[in-house]
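Q: Convert by adding 30 to the 1-based position in the sequence shown; the result is the number in my numbering.
From the three backbone atoms N, C-alpha and C, an ideal C-beta is built for every residue, glycine too.
So that we are looking at the same thing, I have put the structure below in structure tokens.
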Amino acid sequence: MKQYLQNILLFSAIFLISCSARLDCPDKTNLLPMYGGLKKCDEQIKIDKDFLADCDKYFKDRDTATRYHIDKGWKYFYNNDFDSAMMRFNQAWLLDSTNADIYWGFGNILGRQHKFQESLKYFDKSLSFNSKNEKVWQSSATSFGQLFFQSKDISLLNKAIDNLKESVSINPTNAEAYGQLTACYSYFMQKDSARKYLEITDRLDSKAINPEVRHMLNGK
Numbered sequence: 031m032k033q034y035l036q037n038i039l040l041f042s043a044i045f046l047i048s049c050s051a052r053l054d055c056p057d058k059t060n061l062l063p064m065y066g067g068l069k070k071c072d073e074q075i076k077i078d079k080d081f082l083a084d085c086d087k088y089f090k091d092r093d094t095a096t097r098y099h100i101d102k103g104w105k106y107f108y109n110n111d112f113d114s115a116m117m118r119f120n121q122a123w124l125l126d127s128t129n130a131d132i133y134w135g136f137g138n139i140l141g142r143q144h145k146f147q148e149s150l151k152y153f154d155k156s157l158s159f160n161s162k163n164e165k166v167w168q169s170s171a172t173s174f175g176q177l178f179f180q181s182k183d184i185s186l187l188n189k190a191i192d193n194l195k196e197s198v199s200i201n202p203t204n205a206e207a208y209g210q211l212t213a214c215y216s217y218f219m220q221k222d223s224a225r226k227y228l229e230i231t232d233r234l235d236s237k238a239i240n241p242e243v244r245h246m247l248n249g250k
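Right, dumping it as structure tokens:
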């Protein structure tokens, strides 16, 4: 495995060098979801083939290799190293383009980069492969919520609410999603729904409520 890790770092370095050295090689495609859908040059195609061959050598199967790279992607993501996270999710995508968690990763990275509209198509893609992951519904709701903050388009807030309801229908103990529902409904003049979800959230985890939302609702 140590040798594999060294090879992976080498693949990443070679990829970046090859992109900058050849005019016909699209640059920095490994920093875009699914490599930006761009046509790769011969050198990049060879790097991909070598990468897959190395995975077949060092892992028992492609599923194991895919999970390894997804886990690496999340590790980098939570360390706020979004470029490295995107590279690992892209490598996982090369191994298995049908894995729902990869598209979830793409969407979350784009969301952290404030590319909320673009993130939505990857959350939708993830849900098309696995509609039972409550966290993906919640991530999608977060992007809709951010778009609502930017535009004040109430239809976007309603989409965020719909996605959060999907999330809690899958996992009724998801306190974070109930907390987000509380926050969403606090934007409406009628606060009954917001207070209802506040009570549910408090039963699950009172820390999941934004203090400002709590103060506003308790002050009414």
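Determine the direct distance from the alpha carbon of TYR88 to that of LYS145, and round the result to whole angstroms.
A: As a first step, residue 145 is located in the sequence shown; it is residue number 115 there, counting from the start. As a first step, residue 88 is located in the sequence shown; it is residue number 58 there, counting from the start. In a straight line, the C-alpha of LYS145 is about 35 Å away from that of TYR88.
Q: Taking only heavy atoms of the ligand GDP into account, decide whether any of them is closer than 7 Å to the Cβ of GLN220.
A: With respect to the ligand GDP, the structure shown offers nothing to examine, as it has no ligands at all.
Q: Span of the alpha helix (DSSP H) holding TYR133?
A: Within the sequence shown, residue 133 is the residue found at index 103, counting from 1. 130-142 is the span of the alpha helix (DSSP H), which, as asked, contains TYR133.
Q: What's the gap between the Cα of LYS102 and the Cα of ASN248?
A: Position 72 of the sequence shown holds residue 102. Position 218 of the sequence shown holds residue 248. Answer to the nearest angstrom: the Cα atoms are 42 Å apart.
Q: Between the segment 152-166 and the segment 180-192, do three or more beta carbon pairs fall short of 8 Å?
A: Too few Cβ pairs lie closer than 8 Å, so no.
Q: Classify TYR227 as helix, strand or coil using the three-state DSSP reduction.
A: Sequence index remark: in the sequence shown, residue 227 carries index 197 (1-based). Helix.
Q: Using a Cβ-Cβ cutoff of less than 7 Å, which residues in the same chain neighbour VAL166 once the five nearest sequence positions on both sides are dropped?
A: Along the sequence shown, one-based indexing puts residue 166 at 136. Only TRP134, PHE153, SER156, LEU157 meet the Cβ criterion.
Q: In three-state terms, what does DSSP make of PRO202?
A: By 1-based counting over the sequence shown, the position of residue 202 is 172. Coil.
Q: Rounded to the nearest angstrom, what separates ASP93 and ASN129 at their Cα positions?
A: Locating residue 93 in the sequence shown gives position 63, counting from the first residue. Locating residue 129 in the sequence shown gives position 99, counting from the first residue. Distance between the alpha carbons of ASP93 and ASN129: 9 Å.
Q: Which word fits SER197, buried or exposed, when buried means at least 16 other C-beta atoms lie within 10 angstroms of its C-beta?
A: What you label residue 197 is simply residue 167 of the sequence shown in a count that begins at 1. Buried, since its Cβ has 16 or more Cβ neighbours within 10 Å.
Q: Apart from the five residues just before and just after LEU68, which ones in its own chain have a Cβ nearer than 7 Å to its Cβ?
A: Looking up residue 68 in the sequence shown gives position 38. Excluding residues within five positions, the ones whose Cβ falls inside 7 Å are PRO56, THR59.
Q: Helix, strand or coil: which one does DSSP assign to MET219?
A: Here residue 219 refers to the residue found at position 189 of the sequence shown. Reduced to three states, the DSSP call for MET219 is coil.
Q: Indicate whether the contact test is met: 3 or more Cβ pairs, each with one atom in the segment 236-243 and one in the segment 204-223, closer than 8 Å.
A: Segments in contact, yes.
Q: Output the distance between the C-alpha atoms of PHE178 and TYR217, rounded to the nearest integer angstrom.
A: On the sequence shown, residue 178 is found 148 positions in, with the first residue counted as 1. On the sequence shown, residue 217 is found 187 positions in, with the first residue counted as 1. In a straight line, the C-alpha of PHE178 is about 11 Å away from that of TYR217.
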